[in-house]
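In what follows, a single structure is set out as structure tokens and then discussed.
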Amino acid sequence: MTTQGSKFYLFTFAIILVIVSFANVKSASADVFVKGHFRNGKFVAPYFRRNPDSSFSNNFSTYGNINPYTGEVGTKMAPSYNYSYDKAALDRYEYDLERLFEDDKAEPNPQEEQDKKEATEMFNAYIENINYGLPEISYTILEQKMKDKYTVEQFSEPRMSSMYEIHDISSHSTDTGVTVEGNWTRTDTSTGTTEDLKFRYEMIKEDGEWKLSSRYTNE
């Protein structure tokens, strides 16, 4: 090898050493020396770790990485969390979620509550008059569409032989009025037979009064 070639080789090697040294210094500057300390009653020997940051992928303990100081291969597939911190965060989240739903709850509408009360009372009056043998009064609680279908006699005759025992009843407002529904037992007074049914009736306001609508279902 010529003297000139040797000089070029030495110069190139020196440049490489500078680059490697700079990389090592830069890498070392990114690491933190942790002094020996006690944790949970056990002594932890001094060690180097990566400078804390928000990245999990560049930790020595992360799977695929190698600790240059110990030669150990990383095994962690996901970051570990401090339970107490996460528990506190979860508690705050649940509190905020509950408060959100509390704020989102609709305030009771006084008019709707009054409508449900009046419609339910009128429906109960309808049933009571049938049970007392006064279907003619129940007929007056029908909306006009239903009155147009039956005469008083046609409406009253089949109801004279029926009695109803309501077991539970509920109501909710609709776009057209109030739905009243629940369960009852119907007794045929002429035969003494009974049957348990679900009922669902629509009550609407007609001429300022609650009336039984033609829209209803019994099961």
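Counting with the working numbering, you get residues 30 to 248 for the letters of the sequence shown.
The beta carbon of each residue, even a glycine, is placed where N, CA and C say it ideally should be.
Predicted, not measured: the structure shown is a model, and the values here were computed from it.
Exposure of M232, with buried meaning 16 or more beta-carbon neighbours within 10 Å: buried
Distance, K178 Cα to L241 Cα: 13 Å
Closest Cα partner of V181 within the set S190, P164, N212, R229: P164
The region 201-219 in contact with the region 144-156 per 3-pair CB rule at 8 Å: yes
Contact set for I195: own chain, Cβ-Cβ below 7 Å, skip 5 residues either direction: I156, G211, W213
Those runs of the beta strand (DSSP E) which lie wholly inside the region 166-226 and span at least 3 residues: 191-202, 207-217
Residues that DSSP places opposite M232 in a beta bridge: V207, L241
F228 burial status per 10 Å Cβ neighbour count (16 or more: buried): buried
Limits of the alpha helix (DSSP H) - the one that K105 falls within: Per DSSP, K105 belongs to no alpha helix (DSSP H) and is neither H nor E.
Residue range of the unbroken beta strand (DSSP E) whose run includes K71: 71-73
Presumed contact (8 Å Cβ cut-off) between S190 and S219, rounded CB distance: 5 Å
Contact set for Y193: own chain, Cβ-Cβ below 8 Å, skip 5 residues either direction: I156, I159, N160, W213, T214, R215, T216
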